[in-house]
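In this text, residue positions in the sequence shown follow the working numbering: the first is 82, and each later residue adds one.
By construction, the Cβ of each residue, glycine as well, lies at the ideal position given by its N, Cα and C atoms.
Okay, structure first, notes after.
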Amino acid sequence: MVQPKALKRIIDTYFRDSARTMSVTSGTHVLRQNGYNDKLYWVKSGELSGYLKNKENGLSAKVFVVKEGMFFGVHSFFAQTLMASTTVIAEKDSEIAWIDLLTPVEDPETYGSMTEQFMPVMVHELARRQMLTGMEALEKEKALQKLYATEQMTTLGQLAAGIAHELNNAIGVLSSKIENLQTNIIDSISTSKPEMLEFMLQGINVGQTTGSQQVRERSKILIKQHNLTREQAKTLAKAIPQGDVPKQWFSQLDEALRYWDYGRDLRDMRLAAKHSASIVKSVKQLGGSDHVRQNDVDINETLHKSLALLQSNLRPVEVVLRPAVLPLINASSTELVQVWINLIKNACDAMENTASPKIEIVTRHVKNKILVTITNNGPMIDEPTRRKIFQPNFTTKKGGLSFGLGLGLSIVQRIIQSYDGTVVVKSDEERTTFRIKLPTL
Numbered sequence: 082m083v084q085p086k087a088l089k090r091i092i093d094t095y096f097r098d099s100a101r102t103m104s105v106t107s108g109t110h111v112l113r114q115n116g117y118n119d120k121l122y123w124v125k126s127g128e129l130s131g132y133l134k135n136k137e138n139g140l141s142a143k144v145f146v147v148k149e150g151m152f153f154g155v156h157s158f159f160a161q162t163l164m165a166s167t168t169v170i171a172e173k174d175s176e177i178a179w180i181d182l183l184t185p186v187e188d189p190e191t192y193g194s195m196t197e198q199f200m201p202v203m204v205h206e207l208a209r210r211q212m213l214t215g216m217e218a219l220e221k222e223k224a225l226q227k228l229y230a231t232e233q234m235t236t237l238g239q240l241a242a243g244i245a246h247e248l249n250n251a252i253g254v255l256s257s258k259i260e261n262l263q264t265n266i267i268d269s270i271s272t273s274k275p276e277m278l279e280f281m282l283q284g285i286n287v288g289q290t291t292g293s294q295q296v297r298e299r300s301k302i303l304i305k306q307h308n309l310t311r312e313q314a315k316t317l318a319k320a321i322p323q324g325d326v327p328k329q330w331f332s333q334l335d336e337a338l339r340y341w342d343y344g345r346d347l348r349d350m351r352l353a354a355k356h357s358a359s360i361v362k363s364v365k366q367l368g369g370s371d372h373v374r375q376n377d378v379d380i381n382e383t384l385h386k387s388l389a390l391l392q393s394n395l396r397p398v399e400v401v402l403r404p405a406v407l408p409l410i411n412a413s414s415t416e417l418v419q420v421w422i423n424l425i426k427n428a429c430d431a432m433e434n435t436a437s438p439k440i441e442i443v444t445r446h447v448k449n450k451i452l453v454t455i456t457n458n459g460p461m462i463d464e465p466t467r468r469k470i471f472q473p474n475f476t477t478k479k480g481g482l483s484f485g486l487g488l489g490l491s492i493v494q495r496i497i498q499s500y501d502g503t504v505v506v507k508s509d510e511e512r513t514t515f516r517i518k519l520p521t522l
């Protein structure tokens, strides 16, 4: 299984200690529902299943399966309820590693607190678990009679609601802690370093709004104009993407850039928590829940938010964003951010073995429609795959789609069609383009 770099670092750092590894035989109960649990587990090999017991009738239902490279105990560990929400049983002889609440944080200066480091793990695993559960349910559904199909969809909706509840609890803790952390940091800096507060607040309120290519171009200009180091110019280009740099930045440049960086990181954490919560809303779509739509949504702004959330994925990728002046539309910002995240993340995955990966995003306003194209220079998608690419749970990857914050291309199509829009894909040996049309009326 191919792992994102951030996830690989976490596994190598926290789950390679033999003292925190154990072997379990098939049938072993690793966790019991409502029992004490202060550990986050990672499956080195084997397979385990989670079962949820119904209090009324005493029946247990399988709600998830974890295999090699996957985590469990996510909710009880990060929400700090210390109570297992399901019973987890080894289906095969397995080897599992763990960390607990006493495990020290590694390299917090670089990667942040334990919660910050493991936030991608939590979102990735819970989203993937939902995807795998949905895939299994759909495979079973194909074998059932049509009369049973409606009842099966009802069961899926109930299952989705249970997982959505687990996600809500964990993400709620993260959101609350991030807000408290931001408030405390601002209060502390207001007292100890008031001259740096301006720079931190700019990072918090504005953050980074440009892609990697624009940062590189702006950095070259700043180096020539102000005789800066490459790192200084790179960070300053992110903070001040255009125009003249205000003089106050240069009085204590390194410190100003550092505090802007702190603010930007806090902003990105808030955005990540907010859009992690949007996964719950996507899961609820399986049951027909609606998103709140507003009349003042800016397509370009939703693209900027998506790029900010995917910074770690986009570091090796040249990103070119060509936004046009667009009218505001009636839409859900959360839904659109999820669409862009899915498509951009999908492009990153496709270009994994591309020598010079590049993504170009273009927006246009033509008559009464907004056009968004997302193009990558990865390998060609063949015609049979293109015909199936928007089908639920279709994947060319072993183990399912590896989206970090989204639920797949079928969800992308469902969201776009809910706006009476269209999404199509074109691909040749040079490029692959997803073209989205959204009505402005």
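* To do: Determine the contact status of Lys439 and Asn458, defining contact as a CB-CB distance below 8 Å.
  => In the sequence shown, residue 439 corresponds to position 358, counting from 1. In the sequence shown, residue 458 corresponds to position 377, counting from 1. Yes. Within cutoff.
* Starting from Val296, trace the beta strand (DSSP E) both ways and give me its first and last residue. => For this step, residue 296 is matched to residue 215 along the sequence shown. Premise fails: Val296 lies in the alpha helix (DSSP H), Ser293 to His307, not in any beta strand (DSSP E).
* Cut-off 8 Å between Cβ atoms - residues of its own chain near Asp164, not counting five sequence neighbours on either side -> If you number the sequence shown from 1, residue 164 lands on position 83. Reading off the sequence, residue 164 comes out as Met, not Asp. These residues qualify, in order along the chain: Asn115, Gly116, Tyr117, Asn118 and Ser157.
* Asked: What number of angstroms, rounded off, separates the C-alpha of Ile177 from the C-alpha of Thr109?
  -> One-based indexing of the sequence shown puts residue 177 at position 96. One-based indexing of the sequence shown puts residue 109 at position 28. Each residue's alpha carbon lies about 12 Å from the other.
* **Sequence-distant residues of its chain with Cβ nearer than 6 Å to Val401 (five each side left out)** => Counted from its first residue, the sequence shown places residue 401 at position 320. Correct list, in chain order: Gln294 and Glu441.
* Asked: Helix, strand or coil for Phe199 per DSSP?
  -> In the sequence shown, the residue the question calls residue 199 occupies position 118. Note: Phe199 maps to helix in three-state DSSP.
* Look at the alpha carbon of Ile266 and the alpha carbon of Ala208, and state the distance between them as a whole number of angstroms. => Taking the first residue of the sequence shown as 1, we reach residue 266 at position 185. Taking the first residue of the sequence shown as 1, we reach residue 208 at position 127. Each residue's alpha carbon lies about 31 Å from the other.
* **Close beta carbons around Val505, own chain, < 6 Å, minus the five adjacent residues each side** => On the sequence shown, position 424 is the one that residue 505 refers to. Cβ neighbours of Val505 beyond the five flanking positions: Arg516.
* To do: Give the straight-line distance between the Cα atoms of Ser107 and Val147, rounded to the nearest whole angstrom.
  => Along the sequence shown, read from residue 1 onward, the residue named residue 107 stands at position 26. Along the sequence shown, read from residue 1 onward, the residue named residue 147 stands at position 66. Distance between the alpha carbons of Ser107 and Val147 is about 14 Å.
* Asked: Between which two residues does the alpha helix (DSSP H) containing Phe158 stretch?
  -> Your numbering for residue 158 matches position 77 in the sequence shown. Per DSSP, the continuous alpha helix (DSSP H) segment holding Phe158 begins and ends at Val155 to Phe159.
* Asked: Are Val373 and Leu417 touching if we call contact CB-CB under 8 Å?
  -> Position 292 of the sequence shown, counted from the first residue, corresponds to residue 373. Position 336 of the sequence shown, counted from the first residue, corresponds to residue 417. Not in contact: Val373 and Leu417 (Cβ atoms no closer than 8 Å).
* For Ile270 versus Met277, is the C-beta spacing smaller than 8 Å? -> Here residue 270 refers to the residue found at position 189 of the sequence shown. Here residue 277 refers to the residue found at position 196 of the sequence shown. Closer than 8 Å, so yes.
* Give the DSSP bridge partners of Ala178, in chain order. => Locating residue 178 in the sequence shown gives position 97, counting from the first residue. Looking at the DSSP assignment, Ala178 forms a beta bridge with Thr102 and Trp123.
* Which class does Glu433 belong to by DSSP, given the choice of helix, strand or coil? -> Locating residue 433 in the sequence shown gives position 352, where the first residue counts as 1. DSSP places Glu433 in coil when its eight states are reduced to three.
* Asked: Which residues bound the alpha helix (DSSP H) around Asn381?
  -> Numbered from 1 along the sequence shown, position 300 holds the residue referred to as residue 381. Ile380 to Leu390 is the extent of the alpha helix (DSSP H) around Asn381.
* **Bridge-paired residues (DSSP) for Pro438** => Numbered from its first residue, the sequence shown carries residue 438 at position 357. DSSP lists no bridge partner for Pro438.
* Span separating the alpha-carbon of Ala337 from that of Gln494 -> Numbered from 1 along the sequence shown, position 256 holds the residue referred to as residue 337. Numbered from 1 along the sequence shown, position 413 holds the residue referred to as residue 494. Their backbone Cα atoms lie some 43 Å apart in a straight line.
* Lys144: first and last residue of the uninterrupted beta strand (DSSP E) it sits in -> Taking the sequence shown and counting its residues from 1, one reaches residue 144 at position 63. Before going further, note that residue 144 is Val rather than Lys in the sequence given. It spans Ser141 to Lys148 - the beta strand (DSSP E) in which Val144 sits, taken as one unbroken run.
* **Which listed residue (Asp335, Lys258 and Tyr95) has its alpha carbon closest to that of Glu312** => Against the sequence shown, residue 312 aligns to sequence position 231. The residue with the shortest Cα to Cα distance from Glu312 is Asp335.
* alpha helix (DSSP H) segment containing Gly284, residue limits -> On the sequence shown, residue 284 is found 203 positions in, with the first residue counted as 1. Per DSSP, Gly284 is one residue of the alpha helix (DSSP H) stretching across Leu278 to Asn286.
* **Close Cβ partners of Ser78 (< 8 Å) along its chain, the five nearest in sequence each way excluded** => As shown, the chain starts at 82 and ends at 522. That puts residue 78 outside it, with no answer to give.
* Look at the Cβ atom of Ser300, then the Cβ atom of Ala320, and state whether they are nearer than 8 Å. => Taking the first residue of the sequence shown as 1, we reach residue 300 at position 219. Taking the first residue of the sequence shown as 1, we reach residue 320 at position 239. No; because the gap between Cβ atoms is not below 8 Å, this pair is not in contact.
* To do: Give the single residue among Lys305, Thr513 and Thr444 whose Cα lies nearest to the Cα of Ile462.
  => On the sequence shown, residue 462 is found 381 positions in, with the first residue counted as 1. Of all alpha-carbon atoms in Lys305, Thr513 and Thr444, the one lying nearest the alpha-carbon of Ile462 is that of Thr513.
* Ala171 - DSSP class collapsed to helix/strand/coil -> By one-based count along the sequence shown, residue 171 stands at place 90. Looking at Ala171 - three-state DSSP - the assignment turns out to be strand.
* Where Val111 sits in the DSSP three-state scheme -> Numbered from its first residue, the sequence shown carries residue 111 at position 30. Strand.
* Give the straight-line distance between the Cα atoms of Gly131 and Lys120, rounded to the nearest whole angstrom. => Against the sequence shown, residue 131 aligns to sequence position 50. Against the sequence shown, residue 120 aligns to sequence position 39. When rounded, the distance between both Cα atoms is 15 Å.
* **Residue range of the unbroken beta strand (DSSP E) whose run includes Phe515** => One-based indexing of the sequence shown puts residue 515 at position 434. Run containing Phe515: Thr513 to Pro520, per the beta strand (DSSP E) assignment.
* Could you pull out every residue in the same chain whose Cβ sits closer than 6 Å to the Cβ of Tyr340, ignoring the five residues on either side in sequence? => Translated into positions along the sequence shown, residue 340 becomes position 259. Within the same chain, Tyr340 has close Cβ partners Met277, Phe280 and Met281.
* Just the Cα atoms here: how many angstroms apart are Thr503 and Ile451? -> Sequence index remark: in the sequence shown, residue 503 carries index 422 (1-based). Sequence index remark: in the sequence shown, residue 451 carries index 370 (1-based). Using only the alpha carbons, I get a separation of about 11 Å.
* Look at Ser393 and Ile425 and say whether their C-beta atoms are less than 8 Å apart. => Here the question's residue 393 lines up with position 312 in the sequence shown. Here the question's residue 425 lines up with position 344 in the sequence shown. The answer is no: Cβ separation not under 8 Å.
* **Assigned secondary structure, Tyr117 (DSSP; H/G/I helix, E/B strand, else coil)** => Here residue 117 refers to the residue found at position 36 when the sequence shown is read from its first residue. Correct three-state label for Tyr117: strand.
* Asked: Can you pull the DSSP bridge partners for Glu399?
  -> As a first step, residue 399 must be located in the sequence shown, where it is residue number 318. Beta-bridge pairing links Glu399 to Lys439.
* Glu510 versus Pro460 - alpha carbon distance -> Reading the sequence shown from its first residue, position 429 is the one you call residue 510. Reading the sequence shown from its first residue, position 379 is the one you call residue 460. In this structure, the alpha-carbon of Glu510 lies about 6 Å from that of Pro460.
* With Tyr500 as the anchor, note down where its beta strand (DSSP E) starts and where it stops. => Along the sequence shown, read from residue 1 onward, the residue named residue 500 stands at position 419. Here Tyr500 belongs to no beta strand (DSSP E), and DSSP marks it neither H nor E.
* Asked: Under the rule that 16 or more other beta-carbon atoms within 10 Å means buried, what is His205, buried or exposed?
  -> In the sequence shown, the residue the question calls residue 205 occupies position 124. By the C-beta density criterion, His205 is buried, having at least 16 other C-beta atoms within 10 angstroms.
* To do: Report, in whole angstroms, the separation of the C-beta atoms of Tyr95 and Thr184, which I expect to be a contact under 8 Å.
  => As a working mapping, residue 95 is identified with position 14 in the sequence shown. As a working mapping, residue 184 is identified with position 103 in the sequence shown. That belief holds up - the Cβ atoms of Tyr95 and Thr184 are roughly 7 Å apart, short of 8 Å.
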